[in-house]
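Notes for the one structure printed next.
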Amino acid sequence: MNIKITGTGSYIPTEVEKNEDFAHHQFFNGDGVQIEHSTDIIIEKFRRITGIEERRYASKQQNTSDLAFLSAQKAIENAKIDPETLDYIIVAHNFGDVSKDSSQADTVPSLASRVKHKLKIKNPYCVAYDLLFGCPGWIEGIIQAQSFIKGDMAKKCLVIGAETLSRVIDEHDRDSMIYSDGAGASILEITKSTGGILSTVSASHTLEESNFLFFGKTYNDKLKDDNRYIKMHGRKIYEFALNHVPNAMKVCIDKTGINIDDISKILIHQANEKMDEAIVKRFYNLYGKKVPEGIMPMSIKKLGNSSVATIPTLYDLILKEKIQDQRINQGDIILFASVGAGMNINAILYQH
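This note's numbering applies: residue 805 is where the sequence shown begins, and numbers increase by one.
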């Protein structure tokens, strides 16, 4: 018996926000001083660094739990299971449901309970709970679900990563262009087929790094705005990721004795194209290797950074052959890896 992902689904919102749609924004630094460069120059520099050209926003009528439900429906259908047989529903997110016209997060009841309600699951022993672990939340949900199955507490689990970051961004912060909305879901269960989860690793760095991502006021201090928005120390996060994520990826693969050359794909959190490329390059450097061509599929160019949703969405799109020139075949070994608020890191080595 092996523990495998038997179904995937994703929901990509239909509202497209292109880089040029930010042309009318006034951007400020953290000290409240307006950035001198023209908005066009700021946007072009942003594109070169992050690789993002456009992102998706949820419609006014949709919330995070709605996106989570829509992706869950697809995963359940893809796995061909009865939702009443689910033992756990785990929803990874960061900010709960945040309506379009309010900055107040709503997490009561939990998003997982809302998803279970929308799925019309009657089984009371299907346990629904939320997981807060920053951007690595979906991977951590898969790790927890695996533990439930290994501990004979479950046989089938639904793990979802969903977020509507467009509801918590400061339009005067250039980092607001990074964030997007979306959801990805997976069914994890015991199967008789070969492969599955080979190894996992998780870590939390909190002594000096816990506030690298935080909530703060708008950078435009001329406004009377008491709302708080997602903020980050970008340079510190970049350096942290390069120093720690490759090592965590190495720990994960070294647990198994599998050769790095046997890895078919690396699905890394779609945070920043340049950062992701640097992480993977440093990972291969640890083995004295060069990065193989096509090893790291990317979706950030069109979808932006949807936090916990990036990896499950990317995985689903590749499996359904919606990412150009990217395929995952039976028996392929995949390394999932993520980094985010906390600061948390995790990785999974998985055989498809």
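Even for Gly, the Cβ is constructed at its ideal location relative to N, Cα and C. In this text the structure is predicted, and so the values were computed from the model without any measurement.
Selection from the options that minimises the alpha carbon distance to residue i
i       : options                               : result
ILE893  : ILE1064, ALA966 and SER906            : ALA966
TYR1122 : SER814, MET805, GLU857 and ASN1015    : In the sequence as presented, Tyr is not what sits at residue 1122; that position holds Ile. Comparing Cα positions, the closest option is SER814.
ALA1082 : ALA1045, ALA1113 and ILE1064          : ALA1045
GLU993  : LEU1027, ALA949, TYR1091 and GLN838   : ALA949
ILE914  : ILE880, ASN927, PHE873 and PHE952     : Looking at the sequence itself, residue 914 is Ser, so the reference to Ile does not match. Of ILE880, ASN927, PHE873 and PHE952, the residue nearest in Cα terms is PHE873.
SER1142 : ASP1025, TYR861, GLU857 and ILE943    : ILE943
ILE1099 : TYR1091, VAL1084 and GLY1108          : VAL1084
THR854  : ILE1137, ARG978 and LYS960            : ARG978
SER1014 : GLY1146, THR843, VAL931 and SER842    : GLY1146
HIS1048 : GLU1077, VAL1005 and ASN1063          : VAL1005
SER917  : LEU962, SER1103 and HIS829            : LEU962
ASN1031 : ASN898, ASP905 and VAL837             : ASP905
LYS924  : ASP934, PRO887 and TYR933             : PRO887
ILE991  : LYS1059, HIS921 and THR889            : THR889
THR1022 : GLU881, ILE946, ASN1076 and ILE973    : ILE973
CYS930  : MET1102, VAL919, ILE807 and VAL1112   : VAL919
SER984  : HIS1037, ALA932 and GLN1074           : GLN1074
GLY955  : HIS897, ASP891, HIS921 and ALA896     : ASP891
ALA1151 : ILE946, MET805 and HIS1037            : ILE946
LYS878  : TYR933, ASP1129 and GLY811            : GLY811
ILE1137 : SER1110, SER1068, LEU1090 and ILE1072 : SER1068
HIS976  : THR1060, ASP1120, LEU1011 and ASP1025 : ASP1025
GLY941  : SER1008, HIS921, GLU1097 and ILE880   : SER1008
LEU1017 : GLY900, ALA827, SER1111 and LEU1118   : SER1111
LEU1071 : THR995, TYR1154 and LEU1090           : TYR1154
With 16 other Cβ atoms within 10 Å as the buried cut-off, status of residue i
i       : result
VAL912  : exposed
GLY1000 : buried
MET1002 : According to the sequence shown, residue 1002 is Leu rather than Met. LEU1002 is buried by the Cβ-count criterion.
ALA876  : buried
VAL837  : exposed
GLY988  : buried
TYR1088 : buried
ARG1131 : exposed
PRO1101 : buried
GLY834  : exposed
LYS1059 : exposed
LYS808  : buried
LEU871  : buried
Proximity test, residue i beta-carbon vs the ligand ZN heavy atom, cut-off 7 Å
i      : result
SER917 : The ligand content of the structure shown is nil, which means the ligand ZN is not present either.
Secondary structure of residue i, DSSP reduced to three states
i       : result
GLY965  : strand
LEU1153 : strand
MET899  : Rather than Met, the amino acid found at residue 899 in this sequence is Phe. Three-state result, PHE899: coil.
PHE937  : coil
ASP910  : strand
GLU821  : strand
VAL1143 : strand
THR854  : helix
TYR929  : coil
ILE946  : helix
LYS878  : helix
LEU992  : strand
LYS808  : strand
ARG1131 : coil
TYR892  : strand
ASP1120 : helix
LYS849  : helix
PHE826  : helix
ASP985  : strand
SER1110 : coil
TYR1088 : helix
Contact check, residue i vs residue j, beta carbons under 8 Å
i       : j       : result
PHE1019 : ILE1041 : no
ILE845  : LYS960  : no
GLY1108 : ILE816  : no
ILE1115 : PHE1140 : yes
ILE839  : PHE850  : no
GLU819  : SER869  : no
LYS1106 : GLU858  : yes
SER970  : TYR861  : yes
THR995  : ASN867  : no
Any C-beta of chain B under 8 Å from that of residue i
i      : result
ASP835 : Here chain B cannot be found, since the structure has a single protein chain.
### Message
Threshold first: 3 residues or longer. Then list the beta strand (DSSP E) segments lying entirely within the segment 1002-1080, N to C.
### Response
Note on the segment 1002-1080: whole beta strand (DSSP E) runs with a minimum of 3 residues are 1017-1020, 1033-1036 and 1067-1072, in chain order.
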